[in-house]
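In the working numbering, the protein residues as written are 60 to 286. Backbone N, C-alpha and C fix where the C-beta goes; we use that ideal spot for every residue, glycine too. Heads up: the structure comes next, in structure tokens.
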């Protein structure tokens, strides 16, 4: 059962502006990755369920965070159908992220008041996701559309909250472009939790990178508010 309501999750997404995401089949390394992100200021993490027996790994990780990092909001990504969403919600997932718009996932998440973020790539899909109760829409793949697409969407739909995933990096200019365009938050995978960091087990670097990324996001958002 989720420990955080969908409203709480949405608020933290918008407050921190960053949702790190990764998959590893190594539980020990995964715990260290989560700890590094947490110590760097991240308060959400999306575990991308792409490998065999991924739910078993997720189960261990969410128990670990509840005990060691109670403020960390663990969710699951790459969810493709309602059955998979239900499995992870039964393990304690606090939010569900999908690569595509699936109405069956919307129904099952809404029934249990779990935040879900649908992967959308058009204004029509975004509008439909919002009609189905999607609070923060995942723009995917973000790099294909870019900040100009976000700005165009926010014109006719200023109420829309978007989270691009893919095409987002920790560099200031990249983050500045996205947040000035109007995104609510960004999802960041290999550009943040890189293969090099995982292979070298350089968790101090990951912590610094996470902290720096969040600082940049805060700075950009504050400047936008003052503009």
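Nearest candidate by alpha-carbon position, reference residue i, set the options
| i | options | result |
| --- | --- | --- |
| residue 197 | 115, 220, 190, 213 | 220 |
| residue 253 | 242, 244, 266, 209 | 266 |
| residue 255 | 244, 191, 92 | 92 |
| residue 108 | 154, 117, 200 | 117 |
| residue 283 | 97, 272, 239, 268 | 239 |
| residue 258 | 89, 184, 156 | 89 |
| residue 166 | 192, 180, 158 | 192 |
| residue 230 | 269, 204, 200, 262 | 269 |
| residue 214 | 232, 199, 234, 182 | 182 |
| residue 84 | 72, 113, 94, 95 | 113 |
| residue 61 | 211, 150, 163 | 150 |
| residue 140 | 94, 217, 162, 188 | 162 |
| residue 260 | 101, 126, 95 | 95 |
| residue 147 | 158, 99, 134 | 134 |
| residue 156 | 199, 70, 232, 235 | 199 |
Residue i and residue j closer than 8 Å at C-beta
| i | j | result |
| --- | --- | --- |
| residue 68 | residue 222 | no |
| residue 80 | residue 246 | yes |
| residue 160 | residue 177 | yes |
| residue 225 | residue 241 | no |
| residue 194 | residue 65 | yes |
| residue 273 | residue 100 | yes |
Cβ distance (whole Å) where residue i is taken to contact residue j below 8 Å
| i | j | result |
| --- | --- | --- |
| residue 136 | residue 115 | Their Cβ separation, rounded to whole angstroms, is 17 Å, which puts residue 136 and residue 115 out of contact at 8 Å. |
| residue 124 | residue 103 | So it is not a contact: roughly 11 Å between Cβ atoms. |
| residue 279 | residue 250 | Residue 279 to residue 250, Cβ: 17 Å. No contact. |
| residue 154 | residue 175 | 7 Å |
| residue 179 | residue 144 | Residue 179 to residue 144, Cβ: 17 Å. No contact. |
| residue 217 | residue 237 | Their Cβ separation, rounded to whole angstroms, is 16 Å, which puts residue 217 and residue 237 out of contact at 8 Å. |
Residue i in three-state terms, based on DSSP
| i | result |
| --- | --- |
| residue 197 | strand |
| residue 215 | coil |
| residue 247 | strand |
| residue 230 | coil |
| residue 60 | coil |
| residue 242 | coil |
| residue 208 | helix |
| residue 255 | helix |
| residue 105 | strand |
Neighbour flag for residue i against chain C, beta carbons, 8 Å
| i | result |
| --- | --- |
| residue 156 | You won't find chain C in this structure, because it holds only one protein chain. |
request  = Enumerate, from N- to C-terminal direction, the unbroken alpha helix (DSSP H) stretches of 4 or more residues contained entirely within the segment 137-201.
outcome  = 141-149, 162-170, 182-190
For this session: Could you name each continuous beta strand (DSSP E) segment of 3 residues or more that falls completely within the segment 114-140, going from the start of the chain to the end?
Result: 132-136
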